[in-house]
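The next block holds one structure in the form of structure tokens; read it before the comments.
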DNA sequence: GAAAAATCGTACTGTAGAGTACGAAAATGC
DNA sequence: GCATTTTCGTACTCTACAGTACGATTTTTC
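Chains as they are written, first to last, in UniProt numbering: chain A, 1 to 214; chain B, 1 to 214.
Laid out in structure tokens, this is it:
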């Protein structure tokens, strides 16, 4: 009757298994984001871990399932942060700038670039994965923005329009300057100053394009 | 002395070789764009062609070289069309709409989507290729647009700004509504009406954002 | 029609990598 | 300490596919 945790009947082993699973996912994510699906080998992952192949397979019974797990965790990191409080004051510019900075920062990070390349490159082979990624990362951001835009449009701060489309235009303005070059490898990253400047400019153009008629 | 063509010493064989080379590139492009680099097999290409592997290797001595040739031809198709005459009349909207329609049409076509996925997915494995693609397709379009914008800004039709950046913003507005969903496989293509509508909207927003100050 | 070049068919080599098998060695629980 | 679970190390199977070899057949040239 001295069971310390009511949720987990056995204590130490379960914890170690979680740790181990996480360690595997860390190594796997690193490799998938760096080298793509085909360029990643299970043997390589096992080697980097220092463990044996049998152990790896006992956690993830196939490469595809490991890949799915990596993707799930990688997009979770994206979707768990965009919540920024847009209060309904008259001046939405600063709040939008903050959101855009965060967005540009994420998309231009090695992790963001690798994730985009991976998802797009494998969208044909793993159609489910493309949909899951879209819904859990970009669409979520767009919906949050759209909800705020809807209110801003109702109160006349922005010109009336489809708020979801407006969100698409804003995020697109954010990525306009660097996304293509980052994904093709022509650019290697952005400095914090560049991130700030591009966010500032995106918001400026957006507000001008969606300014309410006088 | 009855050599018909002065440029080609032997006539018939050379022509057939060109044809054959093109046929190989057709099949290979189809497969690379559809299944990606790793998903494409040389044996499969030879099989589809109906020819033998020896013949295939006599044209392209390795998979990588075949891939490079496919990429080169695929981007050529892109770069050989964007030249639209933007005359310097006061109203640039119709000309921009034409360009944007063409751009959106290309990027949303199966060919365009496949090419983007391919280049981005393999940018890490073939860094040269990413650069070549960027320079021969998107950058070329941007430069053409930028040249026109520079004049339009000088004559006061557009607000003064960095013309290259302006071109990036316009193309980004063009792709804002569909590019992400197309690349992730959530969307499967655009109807001509959608292409037209998105081009129209992109130009409208662009001109509002870059309208000269009164 | 004969020589030369290209193509075909097919069998082969070599390698890489996914997934399996299994006994030995730790770690964990009680 | 003893049983159980997990991990390790290593060797193995199987399959896919890039690239080679080569003699037989067709096509082109003159």
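We put the beta carbon where it would ideally sit given N, CA and C, even for glycine.
Name, please, each residue of chain B whose Cβ falls closer than 8 Å to the Cβ of residue i.
i: residue 180 (chain A); result: 134, 138
i: residue 120 (chain A); result: 116, 117, 120, 121, 183, 184
Pull up the CB-CB distance for residue i and residue j, whole angstroms please, since I reckon it's below 8 Å.
i: residue 67 (chain A); j: residue 37 (chain A); result: 6 Å
i: residue 161 (chain B); j: residue 210 (chain B); result: 7 Å
i: residue 75 (chain A); j: residue 133 (chain A); result: 6 Å
i: residue 167 (chain A); j: residue 142 (chain A); result: 4 Å
i: residue 130 (chain B); j: residue 184 (chain A); result: 4 Å
i: residue 34 (chain B); j: residue 114 (chain B); result: 7 Å
i: residue 25 (chain B); j: residue 73 (chain B); result: 6 Å
i: residue 202 (chain A); j: residue 182 (chain A); result: Actually they are not in contact, since the Cβ atoms of residue 202 (chain A) and residue 182 (chain A) sit about 15 Å apart, beyond 8 Å.
i: residue 159 (chain B); j: residue 213 (chain B); result: 6 Å
i: residue 97 (chain B); j: residue 200 (chain B); result: 6 Å
i: residue 58 (chain A); j: residue 44 (chain A); result: About 18 Å; that fails the 8 Å criterion.
i: residue 153 (chain A); j: residue 163 (chain A); result: 6 Å
i: residue 70 (chain B); j: residue 123 (chain B); result: With a Cβ gap of about 16 Å, residue 70 (chain B) and residue 123 (chain B) do not count as contacting.
Cβ closer than 9 Å: which chain B residues qualify as neighbours of residue i?
i: residue 66 (chain A); result: Simply none; closest approach about 17 Å.
Could you list which residues in chain A have their beta carbon closer than 9 Å to that of residue i, in chain order?
i: residue 124 (chain B); result: 34, 35, 36, 39, 114, 117, 185
Find the residues of chain B that neighbour residue i, judging by a C-beta separation of less than 7 Å, and give them in chain order.
i: residue 209 (chain A); result: 205, 208, 209
i: residue 176 (chain A); result: 168, 169, 172
i: residue 130 (chain A); result: 184, 185, 186
i: residue 111 (chain A); result: None at all; the shortest Cβ gap to chain B is about 14 Å.
What in chain A is Cβ-close to residue i, meaning under 7 Å?
i: residue 173 (chain B); result: 169, 172
i: residue 224 (chain B); result: Lying outside 1 to 214, the shown extent of chain B, residue 224 (chain B) is not represented and no answer is given.
So which residues of chain A does residue i contact, with C-beta pairs closer than 8 Å?
i: residue 127 (chain B); result: 185
Kindly examine the ligand ADP and report whether one of its heavy atoms sits closer than 6 Å to the Cβ of residue i.
i: residue 213 (chain B); result: Among the components modelled here there is no ligand, and therefore nothing to report on the ligand ADP.
Does the pairing of the region 87–106 of chain B with the region 43–57 of chain B give three or more beta-carbon distances under 8 Å? Because the criterion of three Cβ pairs below 8 Å is not met, the region 87–106 of chain B and the region 43–57 of chain B do not touch.
Check each residue of the region 138–157 of chain B: if its Cβ is closer than 8 Å to any Cβ of chain A, include it; give the result in chain order. Listed by position along the chain: 138.
Is the region 103–113 of chain A in contact with the region 174–194 of chain A, if contact means three or more CB pairs nearer than 8 Å? Verdict: yes, contact present.
Counting only Cβ-Cβ distances shorter than 9 Å, please list the residues of the region 189–201 of chain A near chain B, keeping chain order. Against chain B - using a Cβ distance shorter than 9 Å - the residues of the region 189–201 of chain A are 201.
In chain order, which continuous runs of the alpha helix (DSSP H) of length 4 or greater are located wholly inside the region 35–63 of chain A? With a minimum length of 4 residues, the continuous alpha helix (DSSP H) runs that stay inside the region 35–63 of chain A are 42–49, 53–59.
At 4 residues or longer, and completely inside the region 100–188 of chain A: list those alpha helix (DSSP H) runs for me, N to C. Those alpha helix (DSSP H) runs which fall completely within the region 100–188 of chain A and span 4+ residues are 110–121, 127–136, 138–154, 163–175, 179–183.
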